[in-house]
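Here's the structure, in structure tokens; my notes come after.
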Amino acid sequence: MTETATNMRLKLPITCFILEIILIILFGVLVEYDHDTGASKDHGHGNNSSSTHSAYENEFYYRYPSFQDVHVMIFIGFGFLMTFLQRYGFSSVGFNFLIAAFSLQWATLMQGFFHGMKGGKIHVGVLSMINADFCTGSVLISFGAVLGKTSPIQLLIMAIFEVTLFAVNEYILVTILGTRDAGGSMTIHTFGAYFGLMVTRILYRPHLDKSKHKNSSVYHSDLFAMIGTLYLWMFWPSFNSAITEHGAPQHRTALNTYYSLAACTMSTYAMSALTAHDGKLDMVHIQNAALAGGVAAGTAGEMMLTPSGSMIVGFLAGVISVLGFKYLSPILEEKLKIQDTCGIHNLHGMPGVLGAIVGAVTSALATKDVYGEGFKDVFPDLEEGRTSSMQGSIQAISLAITLGIALLGGLIVGFILKLPVFGAPDDASCFEDSIYWEVPGEEEKSHDNELAAVMTEESEKLNS
Amino acid sequence: MTETATNMRLKLPITCFILEIILIILFGVLVEYDHDTGASKDHGHGNNSSSTHSAYENEFYYRYPSFQDVHVMIFIGFGFLMTFLQRYGFSSVGFNFLIAAFSLQWATLMQGFFHGMKGGKIHVGVLSMINADFCTGSVLISFGAVLGKTSPIQLLIMAIFEVTLFAVNEYILVTILGTRDAGGSMTIHTFGAYFGLMVTRILYRPHLDKSKHKNSSVYHSDLFAMIGTLYLWMFWPSFNSAITEHGAPQHRTALNTYYSLAACTMSTYAMSALTAHDGKLDMVHIQNAALAGGVAAGTAGEMMLTPSGSMIVGFLAGVISVLGFKYLSPILEEKLKIQDTCGIHNLHGMPGVLGAIVGAVTSALATKDVYGEGFKDVFPDLEEGRTSSMQGSIQAISLAITLGIALLGGLIVGFILKLPVFGAPDDASCFEDSIYWEVPGEEEKSHDNELAAVMTEESEKLNS
Amino acid sequence: MTETATNMRLKLPITCFILEIILIILFGVLVEYDHDTGASKDHGHGNNSSSTHSAYENEFYYRYPSFQDVHVMIFIGFGFLMTFLQRYGFSSVGFNFLIAAFSLQWATLMQGFFHGMKGGKIHVGVLSMINADFCTGSVLISFGAVLGKTSPIQLLIMAIFEVTLFAVNEYILVTILGTRDAGGSMTIHTFGAYFGLMVTRILYRPHLDKSKHKNSSVYHSDLFAMIGTLYLWMFWPSFNSAITEHGAPQHRTALNTYYSLAACTMSTYAMSALTAHDGKLDMVHIQNAALAGGVAAGTAGEMMLTPSGSMIVGFLAGVISVLGFKYLSPILEEKLKIQDTCGIHNLHGMPGVLGAIVGAVTSALATKDVYGEGFKDVFPDLEEGRTSSMQGSIQAISLAITLGIALLGGLIVGFILKLPVFGAPDDASCFEDSIYWEVPGEEEKSHDNELAAVMTEESEKLNS
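Protein chains in written order, with the working numbering: chain F, 1 to 464; chain U, 1 to 464; chain W, 1 to 464.
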């Protein structure tokens, strides 16, 4: 690929304009406010208590704070987590921003099409906003695998297909099979991870070592990444509980996730010191593995997992995640030719599978005795004749379906992205912002220049 | 101006102390808790269900999450957005902090005085907190125009006048004319922008090129700025919906703003690649223009704009904002002598006017058919005899009034700030923290020093 | 201590694993979901309005947004506030993360044991989550005193004891004495500060000047610290109001804290310019003293302090905090051998005591006239025969008890931490990440290296 191939002057504007115009047209034809958002129903008055009451029961007040937390995870969390690379911060945050802004619109249509049409219209409100952000999260997970090696156009094209397949998989699981997966261990994390891993496998670059020196962090870039890590960690309880049933299930999901993450952080620090060079902690582990407890609580979080059960799950997630970074990732890269920039297999892949298994087991063990009147909130199908062990089996089958669709989808999309028209960087220009961004000069350079000037003067003096 | 002119040892303490003491006295005389905040009404008990119920209906629970999002926009959003300058990060975040802390207190008094006195008292609660933060936002917009060229005392004095004029303008629009402007396309953005532009015009510095080399970003300062950008972007739906009527109107406003911003981001990336050097993306555009969709949805956001209508508005806002940065800002600077450091004309000025126009048109087209029972929540005056086209005209007149007050106010305040007693930096010291802040040595310098030492040794060896 | 003493390969994993396994076992035996979290009670259905109603009254919706704000303060606020040190950012954010994740689990048990057992079980939900985060905050305050001078194992051991003593003190004050301290001026800030100060006194290092050059900030580290500062500042109203009674008391507490902080920021800027070198602002003051208004409103925030009363309290807190940084800290270090890295005495110690005194006075002046029906929400014991002046005395006694337990506890824990088996850094390695972390190479170094290469070439040319 030549330098000009990566020039985005026409390619990117055309892609963005066409996509947005299509989105606007489809929204115009298909999308309507839902009954809590449209103007016909609620109407709030400070003085009229009965109508105020109905205004106060608007879903907005019971979902929107969770939505905002999820929104922060998507844009700050994912965006800054990926800024750890020394010269790819603009692209990490900036492309994250672009593909998220596109994906949430496209996801609204795809998810609405597959499981939300009423009277030929897609109804939108705070719940569709959360679901669209969830689907976007899946795309951003895949982005982590190909980070530094793809053009923004490749990323937008990946998003088009991945959002669509996400909606299909989600439809099969949640709507057809009645799978429980409120926090998306399967639909979001497992799907996004294995899709992304397959894409990066297909896009394998044998000569990526040409830009190896840029595929690492510097001191301040690791601190920027910690902003992403901590926002993901803090708001994960909101993520897993954002679309559960209201009341105790939502409350419990947040609580379980909180304990899972706390325990995961403990095992992550332990494993990092145990496995890393000289007993020193490795920022890569802290930035990533400490989050695995959130991923692993994504399916069973709404169930009666108990606080200590949640802690065990989080603890295990941290252990396998650090082990993955230390031992599995190098093998995947050397043997299977999977170049996984952010290690999404360790943060989203394996912990997602763990979460799915925990969810299947917890479902299989569910009894009405334990759940009481809340049983039908968590397992509505079990009220209607399905047995717990059937539900457990369906959860397990759902994991297999998710893996299948993700891998097959990633395979096809990977080959599409291989087409040499999307402006991917060449092997020596990976992990480098200046391919796609105007990068400012460094302040430090001026110091160097002054030094160089001094040096030259000195030399001249010596010379004379 | 001499070096001593910028010394703040006495000027700043005296200014701050006098202002705060006046504030405390006026608060003591004039301000009371409102009926949801004072102790006489609500009282929550975990066990007493009827009184709990009334405690649960406290406005706090329906406004405070929005308030906190707005608060983050004011302090982190505006503060960090302006850290893009390489040597002005302390001042950007720090002066933003100072003038915001002052303005929100002063705004509580001014807004309370003009449209909130009950029984001779200003009643405060979560709604007054949000409104004070809104007014503060307007001051911070103006700060963007003069960033790097003003002393903290000038900024405090600007805030005193701007907050007052903001409250006057808001009173004329919202209370007298019945203008709808929940998210402040006119009252906040248009007002703040044109006020600030006029101030910076009066403070025109013909020799500002003396500090031109500091009027630019470095790599990490652009990443800090993206923290500001993303928090503004994520929480703008909360901003526009923070003071709407409860229920569907608030829900809808958040939703419309979310779509407007997503579409705006798409058009911003497209236009940035199209117009910038070599087809590369320009961080200035991404940091600023991607937010124009929030500004432009500030008036019509609560109306039945429809999701696709919101997307069109956001899309256009992004386009005009990037075009403004690329083509209009240089003209404003050269021909009209408007030195607009942050390009507020492109982010707040033009998109604010666009938002006002969209609001006027959407109002003029409003019918009870479309809005149903919610009509009176969005257009209370239309219930009482005013026609939609009258409302549209009033919206348009309100834009003109806002522009008039902003420009005239900025003119007068600009001349006041020109008085040579406020410690403004001289032309060669603009965009430089070390005028007003103790700036630590750079870690990198030690490297340089070591290098310099090595170099000297080498030279000495050669010399001998 | 030798280099190997600080090696964490076995010590840290063993400590973390043992602690987490103990936590999991104790949680398994002792902890249960509370009645708003367990499955037996609430059950939300979109369609069934009566059960929806009960689901909507779940504590989750009235506490969780406050919890998330507090959570951000603990992990981002405290974590980033301490990143001001030039080479200790990984440890500041990273150890903050580790000890917070441990402490919140341990605090759940300790607080539950001392004041929450029902039927032999500790009941958990959103309220226990907030309380655990509060207790964690206290540990993080103490961390600020010893920052840069302790190993992660020392910090974990400190947390074990401090959390326990915190729970004891809280039990004595809140449960036995009926002390009011919703925002924790005493229980959190005074306790954490004096405990930490005593620990750092016992751990006094006479030769700490060996690493003095690293005990300072650089430009970008000060900006990272401002992220912490601003999140603490913005969310402090949520912190102080997080566990008050619902309704007006919660609303009022947030409002009072908001005004206290705004006034504190004004006096901080004034005092910083007045006392600092050359009339320039000092980042240390801005980062810390501007928060003292939140600390000082921690006890009286829920009372009828009035907005102007809150402003006076915040104003004074800012003044004493800056004076403490400027004049008292050097004395404490030289005369009392208290090496207080972050100056917690100035941010948490003195303002905490101020807050306790303000709380005692405000309690002593409380009358049913002023509080109306809300009297019993703020002062339940005054409904049952206690007089206001008695309540005031109890508040004052509570301060003395808190100081006593904190100082005695810190003394004992300090001696425990002195045992030479926990891997503390030696005097020359303090304030240095690379002792415990793998630190990446600096990008800037490559510039230097290139320069060095050029220089060598030049020299060689000259030489030949």
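Even glycine gets a Cβ: it sits at the ideal position worked out from N, Cα and C. Treat the numbers as computed from the prediction; the structure is a model and nothing was measured.
Verify whether the separation of the beta carbon atoms of Thr164 of chain U and Gln395 of chain U is less than 8 Å.
no
Members of the segment 297-325 of chain U that neighbour chain F once the beta carbon cut-off is set at 7 Å:
Met304, Pro307, Ser308, Met311, Ile312, Phe315
So what does DSSP say about Leu173 of chain F, is it helix, strand or coil?
helix
The segment 197-213 of chain U: positions lying closer than 7 Å to chain W by Cβ
none
Classify Tyr436 of chain F as helix, strand or coil using the three-state DSSP reduction.
coil
Could you tell me which chain F residues have their CB closer than 7 Å to the CB of Glu57 of chain U, listed as they occur along the chain?
Tyr56
Any idea if Phe375 of chain F is buried or exposed, counting beta-carbon neighbours within 10 angstroms, 16 or more meaning buried?
buried
Is any beta-carbon of chain U found at less than 8 Å from that of Thr164 of chain F?
no
Step through the CB atoms of chain U and report whether any lies within less than 8 Å of the CB of Met82 of chain F.
no
Cα-Cα separation between Thr253 of chain U and Ser217 of chain U, rounded to whole angstroms:
35 Å
Say whether chain W places a C-beta atom closer than 8 Å to the C-beta of Ile286 of chain F.
yes
Check the Cβ of Leu500 of chain F against every Cβ in chain U and list those closer than 7 Å, keeping chain order.
What is shown of chain F runs 1 to 464, which leaves residue 500 of chain F out entirely.
Counting pairs of beta carbons, one from the segment 98-111 of chain W and one from the segment 16-23 of chain W, are three or more of them closer than 8 Å?
yes
Cβ separation of Met283 of chain U and Thr362 of chain U, assumed to be a contact under 8 Å, to the nearest whole Å:
Not confirmed; about 33 Å, so no contact.
Report all residues from its chain with a CB closer than 6 Å to the CB of Leu23 of chain F; omit the five preceding and five following residues, and keep chain order.
Gln105
Leu98 of chain F CB to nearest chain U CB: under 8 Å?
yes
N-terminal and C-terminal residue of the beta strand (DSSP E) that Lys210 of chain U is part of
No beta strand (DSSP E) holds Lys210 of chain U; DSSP gives it neither H nor E.
Name the chain W residues whose beta carbon is nearer than 7 Å to that of Gln250 of chain F?
Phe60
Using a C-beta to C-beta distance shorter than 7 Å, which residues of chain W count as neighbours of Pro440 of chain U?
Ser216, Ser217, Val218, Tyr219, Asp222
Measuring alpha carbon to alpha carbon, tell me which of F:Ala424, F:Val439, F:Ala182 ends up nearest Met8 of chain F.
F:Ala424
Compare the C-beta of Pro13 of chain F against all C-beta atoms of chain U and say whether one is closer than 8 Å.
yes
Kindly indicate which three-state DSSP category Ser217 of chain U falls into: helix, strand or coil?
strand
Tell me whether Val421 of chain F sits in a helix, a strand or coil according to DSSP, three-state version.
coil
Select from U:Gly89, U:Gly196, U:Gly372, U:Ser267 the residue whose C-alpha is nearest the C-alpha of Phe315 of chain U.
U:Ser267
So, with DSSP's three-state summary, where would you put Leu408 of chain U?
helix
Nearest chain F C-beta to Gln154 of chain W closer than 8 Å, yes or no?
no
Can you give me the C-alpha to C-alpha distance between Glu245 of chain U and Asp377 of chain U, rounded to a whole angstrom?
6 Å
Can you pull the chain U residues whose beta carbon is under 7 Å from the beta carbon of Thr265 of chain W, in chain order?
Phe97, Leu98, Ala101
I need the straight-line Cα distance from Gly349 of chain F to Pro307 of chain F, nearest angstrom please.
24 Å
Is it right to say Met117 of chain W is buried, meaning 16 or more other beta carbons lie within 10 angstroms of its own, or is it exposed?
exposed
My output table needs one value for Ile202 of chain W: the three-state DSSP class, helix, strand or coil.
helix
Which residues in chain F sit within 8 Å of Pro65 of chain U, going by Cβ to Cβ distance?
Tyr64, Pro65, Gln68
Residue interval of the alpha helix (DSSP H) (run including Tyr71 of chain W):
Just to set this straight, residue 71 of chain W is His in the shown sequence, not Tyr. Where His71 of chain W is concerned, the enclosing alpha helix (DSSP H) stretches over 60-72.
Please state whether DSSP places Leu147 of chain F in a helix, a strand or coil.
coil
Can you round the beta-carbon distance between Pro420 of chain U and Pro65 of chain W to whole angstroms, since I take them to be within the 8 Å contact cut?
The Cβ separation is near 48 Å, so there is no contact.
Going by beta carbon distance, what residues of the same chain come within less than 7 Å of Leu10 of chain W, once the five residues before and after it are set aside?
none
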